[in-house]
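Enquirer: Residue numbers (my numbering): 3 to 486.
Think of the CB as a built atom: it goes at the ideal place given N, C-alpha and C, for glycine as much as any other residue.
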Amino acid sequence: MSKKQNKEGLNVKKQENFSEWYTQVLEKAEVVDLRYNVKGFEVIRPWGAMIIEIMFKLYEEELKKQGHKPVIFPTLIPEENFKKESSHVKGFTPEVFWLQKTQGDNKLALRPTSETAFYQMYALWIRSHRDLPLKLYQRANIFRYDTKATRPLIRAREFHWIEAHNCFATKKQAESQVQEDIGMTETIMHQKFGIYFLAMKRPKWDKFAGAEYTICSDVLMPDGKFIQQPSTHLLGQHFSKAFNVKFKDESGKEDYVWQTCYGPGISRMLASVISVHGDDDGLIMPFCISPVQVIIIPIFNKENKNKILKEAEKINEKIKSFGLKTEIDAGEKRPGEKYHEWELKGVPFRLEIGERELKEKKLTLFTRDTKTKENIQIKNLSEIKKLGQEFDERLKIKADKFIKGKIINCETKQKIKDTIKNKKIARINFCSVDRHGEKCAEFIEKELGAEVRGVLANKREKAKGKCVICGKTAKEIVYVGRGY
RNA sequence: GGGGCUGUGGGCCAGCUUGGUAAGCUUUCAGGUUUGGGACCUGACGACCCCGGUUCAAAUCCGGGCAGCCCCA
């Protein structure tokens, strides 16, 4: 290993070895520390935690805007709650972490998700149509004993998410909530964080345990694998019947509420932000979620140190006054080393201030994604806010392009196989996403090494012809890819 | 779930075949010198994943465990 490679920078290229790149960038940019000694659990370090905090905030602001209120539920759920909804208990029991301490005959679980905690309380809180709609969310960590290989942030056994649990008087209202949820994923994850997704209605055999249907946002990672991001579920009345969540309508008639739930996984979303935007020099944080939006690097020597630092402080205050997150790196390291560190951390803009800048009353501005340096007049510093928006727009456009040309229509099994091998997505005629298609899906998993991710949620695509797998009449067009 | 590989100072790793004083680079700390793209000099701190077995003697061989990575399902 050469001297250069021993330094703190990355020594693999994202394109050549994504797995290794991902692990390195997580640790070297100090997002997480992977040395914690429980499988599937990682320590999130300050840089990562600050990013996650901002992501939570943006998401929660949007939830509140859409009429949700926050709530905080206990981490423990008694076994009897799980058992109330039969498919839920079947789906989640294998993944539950059970506690050794029990409550009478009741085993206690670390929540893998909180439907069964929320809804017994909803039964107490909801009496009348006046109590509806009820839209609550919580910020929570949840625990799932995933039996697949774990990957930091991508597939962890603890993750940090938001879960929203909503109740309505009618199915129609519940269905429009599902649409609102997809819209929220678009507004926050795509428009703000720059992560492009396909809204996929999952096949019947792959829906959330206890739901009528599930719509997920599938994000394509640089290695050609899908990662499931926020999903929204139409729970219908399955849970409300199980937990006896009833209301009286205007005419005094009693009915079970219609429910939905929505789960944006923030830690997992961070995995996508890192993977989608990052490059061979490290992270590239979107301006709107970077804990430091502008890093100021003073360039000084013994003689002019005080003068330069004082000037840097002035600039810092000025940028702060525009409502931006900024910091001065006044340490004794040489400028070059500071440049590398902050580029590794993905800070969008760097301002350099030294003797030269002082003389000419301008600053040198480096932009992380384009790696360009330009001069900016001190009096024009307020422009940085606008530059930040342009920065995020560029990231988004670049990320959107990634999926272009990746969706391949496949008419034969061999072509599906080749498409998957080429890290692309197969779009195929498929017999059916209800029970009858499951055998074909199993074939695809076993023989072709990929998963049926579902049908497009918001675009009715008509299939013509035969199912590529079994040859029966195709009812649907489905998307097939590898998944995490 | 199946297979493969790996585990040595904070980080990257050599040593393991053939058992016998654990090497190097980097980081960190102290001092000096320096500061416009990963500087240099001097000195110091710091390690064999865990449990058991074989042996006069185990980083090394054997068994088990734990953790990580990769491939497959």
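Can you list, in chain order, the residues of its chain whose CB lies under 7 Å from that of Phe445, leaving out five sequence neighbours each side?
Expert: What you label residue 445 is simply residue 443 of the first sequence in a count that begins at 1. In chain order, Ile471 place their CB closer than 7 Å to the CB of Phe445, counting only its own chain and leaving out the 5 sequence neighbours on each side.
Enquirer: Just mark Glu55 as buried or exposed, buried being the case when its beta carbon has 16 or more other beta carbons within 10 Å.
Expert: Position 53 of the first sequence, counted from the start, is the residue given in the question as residue 55. Exposed, because fewer than 16 other Cβ atoms sit within 10 Å of the Cβ of Glu55.
Enquirer: What is the DSSP secondary structure of Ile144, counted as helix, strand or coil?
Expert: By one-based count along the first sequence, residue 144 stands at place 142. Ile144 falls in the strand class under three-state DSSP.
Enquirer: Use the C-beta contact count for Ser233: other C-beta atoms within 10 angstroms, 16 or more gives buried, fewer gives exposed.
Expert: Counted from its first residue, the first sequence places residue 233 at position 231. Buried: at least 16 other Cβ atoms inside 10 Å.
Enquirer: Taking Cβ positions, are Asp2 and Leu346 nearer each other than 9 Å?
Expert: In the structure as shown, the chain starts at 3 and stops at 486, and residue 2 therefore has no counterpart that could be examined.
Enquirer: Is the distance from the Cβ of Ile184 to the Cβ of Val278 below 9 Å?
Expert: In the first sequence, residue 184 corresponds to position 182, counting from 1. In the first sequence, residue 278 corresponds to position 276, counting from 1. In this structure, Val278 does not lie closer than 9 Å to Ile184 by Cβ.
Enquirer: Please report the straight-line C-alpha distance between Arg484 and Gly451, rounded to a whole angstrom.
Expert: As a working mapping, residue 484 is identified with position 482 in the first sequence. As a working mapping, residue 451 is identified with position 449 in the first sequence. Spanning the two alpha carbons is a distance of roughly 7 Å.
Enquirer: With a cut-off of 8 Å on the beta carbons, I'd call Thr152 and Arg159 a contact; round off their distance for me.
Expert: If you number the first sequence from 1, residue 152 lands on position 150. If you number the first sequence from 1, residue 159 lands on position 157. Going by Cβ atoms, the distance from Thr152 to Arg159 rounds to 6 Å, so yes, they are a contact pair.
Enquirer: Among all the DSSP beta bridges, which residues are the ones paired with Arg484?
Expert: Here residue 484 corresponds to residue number 482 of the first sequence, with the count starting at 1. Looking at the DSSP assignment, Arg484 forms a beta bridge with Lys227.
Enquirer: By Cβ distance below 8 Å, which residues in the same chain neighbour Asp121 in space, the five residues on each side in sequence not counted?
Expert: For this step, residue 121 is matched to residue 119 along the first sequence. According to the sequence as given, residue 121 is Tyr; it is not Asp. Only His167, Phe241, Ser242, Ala244, Phe245, Val247 and Gln261 meet the Cβ criterion.
Enquirer: Using 8 Å as the threshold, is the segment 93-113 in touch with the segment 67-79, meaning 3 or more CB pairs across them?
Expert: Yes, the segment 93-113 touches the segment 67-79.
Enquirer: For the segment 429-439 and the segment 395-407, state whether three or more C-beta atom pairs, one from each stretch, are separated by less than 8 Å.
Expert: Short answer: they don't touch.
Enquirer: Whole-angstrom Cβ separation of Lys394 and Pro288, contact assumed at under 8 Å?
Expert: Residue 394 sits at position 392 when you count from the first residue of the first sequence. Residue 288 sits at position 286 when you count from the first residue of the first sequence. With the sequence shown as reference, residue 394 is identified as Asp, and Lys is not the correct amino acid for it. That pair is a contact at about 5 Å.
Enquirer: Hey, quick one: how far does the alpha helix (DSSP H) through Phe120 stretch, first residue to last?
Expert: On the first sequence, position 118 is the one that residue 120 refers to. Run containing Phe120: Glu117 to Trp127, per the alpha helix (DSSP H) assignment.
Enquirer: Three-state secondary structure (DSSP) at Ile301?
Expert: Taking the first sequence and counting its residues from 1, the one referred to as residue 301 is at position 299. Ile301: coil per DSSP, three-state reduction.
Enquirer: When burial is assigned at 16 or more other CB atoms within 10 Å of the CB, is Asp107 buried or exposed?
Expert: Taking the first sequence and counting its residues from 1, the one referred to as residue 107 is at position 105. By the neighbour-count rule (16 or more Cβ atoms within 10 Å), Asp107 is not buried but exposed.
Enquirer: For the beta strand (DSSP E) containing Pro80, name the first residue and the last one.
Expert: What you label residue 80 is simply residue 78 of the first sequence in a count that begins at 1. Start and end: Leu78 to Pro80.
Enquirer: Does the pairing of the segment 199-207 with the segment 450-469 give three or more beta-carbon distances under 8 Å?
Expert: Segment contact: the segment 199-207 against the segment 450-469, three or more CB-CB distances shorter than 8 Å; contact assigned.
Enquirer: Between Lys16, Tyr486, Asn411 and Arg455, which has its C-alpha nearest Cys218's C-alpha?
Expert: Here the question's residue 218 lines up with position 216 in the first sequence. Cys218 has its Cα closest to that of Arg455, out of Lys16, Tyr486, Asn411 and Arg455.
Enquirer: Specify whether the segment 380-397 and the segment 307-326 touch according to this definition: at least 3 beta carbon pairs, one from each stretch, less than 8 Å apart.
Expert: yes
Enquirer: Rounded to whole angstroms, what's the CA-CA distance from Ala176 to Gly69? Just pull it up for me.
Expert: As a first step, residue 176 must be located in the first sequence, where it is residue number 174. As a first step, residue 69 must be located in the first sequence, where it is residue number 67. Spanning the two alpha carbons is a distance of roughly 14 Å.
Enquirer: Comparing C-alpha positions only, which one of Arg157, Thr475 and Arg352 sits nearest to Ile317?
Expert: Position 315 of the first sequence, counted from the start, is the residue given in the question as residue 317. Per the Cα distances, Arg352.
Enquirer: At what residues does the beta strand (DSSP E) containing Phe351 begin and finish?
Expert: Counting from 1 along the first sequence, the entry for residue 351 is found at position 349. Run containing Phe351: Phe351 to Ile355, per the beta strand (DSSP E) assignment.
Enquirer: When you compare each of Leu285, Phe84 and Ile190 to Val371 by their alpha carbons, which one comes out closest?
Expert: As a first step, residue 371 is located in the first sequence; it is residue number 369 there, counting from the start. The residue asked about is misnamed: residue 371 is Asp in this sequence, not Val. The option with the nearest alpha carbon to Asp371 is Leu285.
Enquirer: Would you say the segment 355-363 touches the segment 295-306, given that touching needs at least three Cβ pairs under 8 Å?
Expert: yes
Enquirer: In whole angstroms, give me the CA-to-CA distance for Phe20 and Ala273.
Expert: Counting from one through the first sequence, the residue named residue 20 turns up at place 18. Counting from one through the first sequence, the residue named residue 273 turns up at place 271. Using only the alpha carbons, I get a separation of about 13 Å.
Enquirer: Between which two residues does the alpha helix (DSSP H) containing Asp220 stretch?
Expert: As a working note, residue 220 is residue 218 in the first sequence. For Asp220, no alpha helix (DSSP H) run applies; the uninterrupted beta strand (DSSP E) run containing it begins and ends at Tyr215 to Leu222, by DSSP.
Enquirer: Look up Gln175 in the DSSP assignment and say whether it is helix, strand or coil.
Expert: Here residue 175 refers to the residue found at position 173 of the first sequence. It is helical.
Enquirer: With distance defined between alpha-carbon atoms, name the residue in Arg336, Phe228, Glu44 and Trp207 nearest to Thr216.
Expert: Numbered from 1 along the first sequence, position 214 holds the residue referred to as residue 216. Out of Arg336, Phe228, Glu44 and Trp207, the CA that lies nearest to the CA of Thr216 is found in Trp207.
Enquirer: What is the residue span of the beta strand (DSSP E) that Leu60 lies within?
Expert: By one-based count along the first sequence, residue 60 stands at place 58. Premise fails: Leu60 lies in the alpha helix (DSSP H), Pro48 to Lys67, not in any beta strand (DSSP E).
Enquirer: Check whether the Cβ atoms of Tyr38 and Asp220 lie closer than 9 Å to each other.
Expert: Here residue 38 corresponds to residue number 36 of the first sequence, with the count starting at 1. Here residue 220 corresponds to residue number 218 of the first sequence, with the count starting at 1. No; because the gap between Cβ atoms is not below 9 Å, this pair is not in contact.
Enquirer: What are the partner residues of Pro72, as DSSP defines its beta bridges?
Expert: Taking the first residue of the first sequence as 1, we reach residue 72 at position 70. According to DSSP, Pro72 bridges with Tyr139.
Enquirer: Work out the CA separation of Phe249 and Met123 for me, nearest whole Å.
Expert: Taking the first sequence and counting its residues from 1, one reaches residue 123 at position 121. Taking the first sequence and counting its residues from 1, one reaches residue 249 at position 247. In this structure, the CA atom of Met123 is about 14 Å from the CA atom of Phe249.
Enquirer: What does a CB cutoff of less than 7 Å around Val1 pick up in its chain, not counting 5 residues either side in sequence?
Expert: What is shown of the chain runs 3 to 486, which leaves residue 1 out entirely.
Enquirer: Starting from Tyr264, follow the beta strand (DSSP E) in both directions and report where the run begins and ends.
Expert: Reading the first sequence from its first residue, position 262 is the one you call residue 264. Start and end: Trp260 to Gly265.
Enquirer: For Val45, list the residues DSSP reports as bridge partners.
Expert: To locate residue 45, count along the first sequence from 1; it is residue 43. Answer is Asp35, bridged to Val45.
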